[in-house]
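Novice:
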Amino acid sequence: MSVTFILPPVISFHQARPLLQAWLRGELQAQVSLDLGLTSVVVGLDSQGVCLPGGGVLPWEAIEEIAGVENCCFTLRDGAWNRIQVFSEKTGRLYSLMPTASAPTLLVSGIPMHRIKDTDPYHDTLEKIRAIKPLVGRVLDTATGLGYTAIQAAKTAEHVTTIELDEAALEVARQNPWSQELFDHPRITQVCGDSFDVVAKLDSNSFTRVIHDPPAFSLAGDLYSAEFYEHLFRVMRHNGRIFHYVGDPESKSGKGITAGVMRRLQQVGFREVRRAPRAFGVVAVK
Numbered sequence: 001m002s003v004t005f006i007l008p009p010v011i012s013f014h015q016a017r018p019l020l021q022a023w024l025r026g027e028l029q030a031q032v033s034l035d036l037g038l039t040s041v042v043v044g045l046d047s048q049g050v051c052l053p054g055g056g057v058l059p060w061e062a063i064e065e066i067a068g069v070e071n072c073c074f075t076l077r078d079g080a081w082n083r084i085q086v087f088s089e090k091t092g093r094l095y096s097l098m099p100t101a102s103a104p105t106l107l108v109s110g111i112p113m114h115r116i117k118d119t120d121p122y123h124d125t126l127e128k129i130r131a132i133k134p135l136v137g138r139v140l141d142t143a144t145g146l147g148y149t150a151i152q153a154a155k156t157a158e159h160v161t162t163i164e165l166d167e168a169a170l171e172v173a174r175q176n177p178w179s180q181e182l183f184d185h186p187r188i189t190q191v192c193g194d195s196f197d198v199v200a201k202l203d204s205n206s207f208t209r210v211i212h213d214p215p216a217f218s219l220a221g222d223l224y225s226a227e228f229y230e231h232l233f234r235v236m237r238h239n240g241r242i243f244h245y246v247g248d249p250e251s252k253s254g255k256g257i258t259a260g261v262m263r264r265l266q267q268v269g270f271r272e273v274r275r276a277p278r279a280f281g282v283v284a285v286k
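All residue numbers for the sequence shown refer to the working numbering, where the first residue is 1 and numbers rise by one.
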């Protein structure tokens, strides 16, 4: 499929390695995705490198470098190929865009923010959405990240409010082809701030669905607290549903975290609190 690119080309080792193999086979053309698998184009191959649509060449030296890096995507910026990663002065964390065979995930200080074992970030997001389907009315997404949850929720919801603590994460998302609807969808509103503080200031009885997919407990323990759950309970409408991601329910740490989450959700007033094992989380009703 021939496309016109709005973003600069973005590739990873998933694209670089087949290009190298095609050149070694003596091929003069190859089909490749320049947006991490969303679309594909035919590019020319010559002794200098890969001839990009609209002009420009991706040198073989750069392709070899990209082919050797499995934990970061690369984009063309200021005439050079650079890793998509941003260091946050606010949190002291390094945010990177990590490729998968499907949608990329966000690495925060080396920790992936989506499940990538036996699944991928796209299907991981769909499982979270299905856990409290149908997603209707006004939806609150407490942790934007790359925006996959907000984007999927906006397909059926009346409106989505999504909160992100760190501008560095959004800077990575801006360079991710899979995240672009986060910035131009008319039914998505972004709020930059600490979810604990932002939710405390939201109007009561505002949301029919909440998707709470916080960072690991070790990174954001306050977002697992009874006090924060009280804020979530207050902003939800009667019979509203919440999905709370907790991690692998079969792991030793996951079992303990899940039990504590369920107990605190019930403590603040949620009912029908149950595990959602396919989505690695817990669901509840106000």
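Cβ atoms here follow ideal geometry from the backbone N, Cα and C, with glycine treated the same way.
If we ignore side chains and look at the alpha-carbon of each, how far apart do V136 and R209 end up?
Specialist: For the purposes of this step, residue 136 is identified with residue 136 of the sequence shown, where counting begins at 1. For the purposes of this step, residue 209 is identified with residue 209 of the sequence shown, where counting begins at 1. Approximately 7 Å between the Cα atoms of the pair.
Novice: Taking the alpha carbon of P287 as the point to measure from, which residue in V246, R237 and H185 has its own alpha carbon closest?
Specialist: An answer regarding residue 287 cannot be provided, because it is not within the stretch 1 to 286 covered by the chain.
Novice: From this set, L170, T142, P249 and D213, which residue's C-alpha is nearest L202's C-alpha?
Specialist: Against the sequence shown, residue 202 aligns to sequence position 202. Minimum Cα distance to L202 is reached at T142.
Novice: When DSSP labels each residue in this structure, what does H159 get in the three-state scheme?
Specialist: By one-based count along the sequence shown, residue 159 stands at place 159. DSSP places H159 in strand when its eight states are reduced to three.
Novice: Considering only the alpha carbon of each residue, which of L219, R234 and Y224 lies closest to I111?
Specialist: On the sequence shown, position 111 is the one that residue 111 refers to. The option with the nearest alpha carbon to I111 is L219.
Novice: Which whole-angstrom value describes the C-beta separation of F217 and Y224, a residue pair presumed to lie in contact below a C-beta threshold of 8 Å?
Specialist: Numbered from its first residue, the sequence shown carries residue 217 at position 217. Numbered from its first residue, the sequence shown carries residue 224 at position 224. The pair is a contact, with the Cβ atoms about 6 Å apart (cut-off 8 Å).
Novice: Name the residue from Y148, A22 and V108 whose alpha carbon lies nearest to the alpha carbon of D120.
Specialist: As a working note, residue 120 is residue 120 in the sequence shown. It is Y148 whose Cα lies nearest to the Cα of D120.
Novice: Please identify the residue among H14, S12 and V273 whose C-alpha is closest to the C-alpha of M262.
Specialist: Mapped onto the sequence shown, residue 262 falls at position 262. If we check each option's Cα against that of M262, V273 comes out closest.
Novice: Compute the distance between the beta-carbons of S88 and D166, then report whether it is under 8 Å.
Specialist: Your numbering for residue 88 matches position 88 in the sequence shown. Your numbering for residue 166 matches position 166 in the sequence shown. Yes, the pair counts as a contact, with Cβ atoms nearer than the cut-off.
Novice: How far does the beta strand (DSSP E) with D141 in it extend, from its first residue to its last?
Specialist: If you number the sequence shown from 1, residue 141 lands on position 141. Start and end: R138 to D141.
Novice: Do A150 and T162 come within 8 Å of each other at the CB atom, strictly closer than that value?
Specialist: Sequence index remark: in the sequence shown, residue 162 carries index 162 (1-based). Sequence index remark: in the sequence shown, residue 150 carries index 150 (1-based). Closer than 8 Å, so yes.
Novice: In the DSSP assignment, what are the bridge partners of P112?
Specialist: Residue numbering aside, residue 112 sits at position 112 when the sequence shown is read from its first letter. The partner list for P112 (beta bridge, DSSP) reads L107.
Novice: If C72 and S96 are in contact, beta carbons under 8 Å, what's the gap, nearest whole angstrom?
Specialist: As a first step, residue 72 is located in the sequence shown; it is residue number 72 there, counting from the start. As a first step, residue 96 is located in the sequence shown; it is residue number 96 there, counting from the start. About 5 Å; that satisfies the 8 Å criterion.
Novice: Rounded to whole angstroms, what is the Cα-Cα separation between V3 and F74?
Specialist: The residue you call residue 3 lines up with position 3 of the sequence shown. The residue you call residue 74 lines up with position 74 of the sequence shown. Summary for V3: the model assigns pLDDT 37, below 50, so the residue's position carries little reliability, and this model does not support an answer.
Novice: Three-state secondary structure (DSSP) at P59?
Specialist: On the sequence shown, position 59 is the one that residue 59 refers to. Of the three classes helix, strand and coil, the one that applies to P59 here is strand, per DSSP.
Novice: Whole angstroms are fine: how far does the CA of M98 sit from the CA of L106?
Specialist: Locating residue 106 in the sequence shown gives position 106, counting from the first residue. Locating residue 98 in the sequence shown gives position 98, counting from the first residue. Roughly 6 Å separates the two Cα atoms.
Novice: Please work out which residues of its chain come closer than 8 Å, Cβ to Cβ, to G44, disregarding the five sequence neighbours upstream and downstream, and give them in chain order.
Specialist: Residue 44 sits at position 44 when you count from the first residue of the sequence shown. Same-chain partners within the cutoff: L28, Q29, V50 and C51.
Novice: When DSSP labels each residue in this structure, what does G311 get in the three-state scheme?
Specialist: Residue 311 is absent from the structure shown; the chain starts at 1 and stops at 286.
Novice: Within 10 angstroms of its Cβ, does V42 collect 16 or more other Cβ (buried), or is it exposed?
Specialist: By 1-based counting over the sequence shown, the position of residue 42 is 42. When all chains shown are included, V42 counts as exposed.
Novice: Let me know the secondary structure DSSP gives D222 once reduced to three states.
Specialist: On the sequence shown, residue 222 is found 222 positions in, with the first residue counted as 1. Looking at D222 - three-state DSSP - the assignment turns out to be helix.
Novice: Alpha carbon to alpha carbon, how far is G92 from V329? Give it in angstroms, no decimals.
Specialist: The requested residue 329 is not part of the displayed model; the chain covers only 1 to 286.
Novice: When the distance is taken between beta carbons, is F270 closer than 8 Å to K128?
Specialist: As a working note, residue 128 is residue 128 in the sequence shown. As a working note, residue 270 is residue 270 in the sequence shown. No, the Cβ-Cβ distance between K128 and F270 is not below 8 Å.
Novice: Classify K286 as buried or exposed, calling it buried when 16 or more other Cβ atoms lie within 10 Å of its own Cβ.
Specialist: Along the sequence shown, one-based indexing puts residue 286 at 286. Buried, since its Cβ has 16 or more Cβ neighbours within 10 Å.
Novice: In or out: L24 buried (at least 16 other Cβ within 10 Å) or exposed?
Specialist: Position 24 of the sequence shown holds residue 24. Exposed, by the Cβ-count rule.
Novice: Is DSSP giving G256 helix, strand or coil here?
Specialist: Counting from 1 along the sequence shown, the entry for residue 256 is found at position 256. Helix at G256.
Novice: Going by DSSP, which residues form a beta bridge with N82?
Specialist: Sequence index remark: in the sequence shown, residue 82 carries index 82 (1-based). DSSP output for N82 lists T75 as bridge partner(s).
Novice: Report the rounded CA-to-CA distance for R83 versus P9, giving the unit in angstroms.
Specialist: Translated into positions along the sequence shown, residue 83 becomes position 83. Translated into positions along the sequence shown, residue 9 becomes position 9. Spanning the two alpha carbons is a distance of roughly 12 Å.
Novice: Within 10 Å of its beta-carbon, does F183 have 16 or more other beta-carbons around it, so buried, or fewer, so exposed?
Specialist: On the sequence shown, position 183 is the one that residue 183 refers to. The residue in question, F183, is exposed, as its Cβ has fewer than 16 Cβ neighbours within 10 Å.
Novice: What residue from E250, A284, N239 and D35 has the CA that sits closest to T100's CA?
Specialist: Taking the first residue of the sequence shown as 1, we reach residue 100 at position 100. Of the listed residues, the one whose Cα sits closest to T100 is D35.
Novice: Name the DSSP bridge partner or partners of Y95?
Specialist: As a working mapping, residue 95 is identified with position 95 in the sequence shown. Partner(s): V86 and V108.
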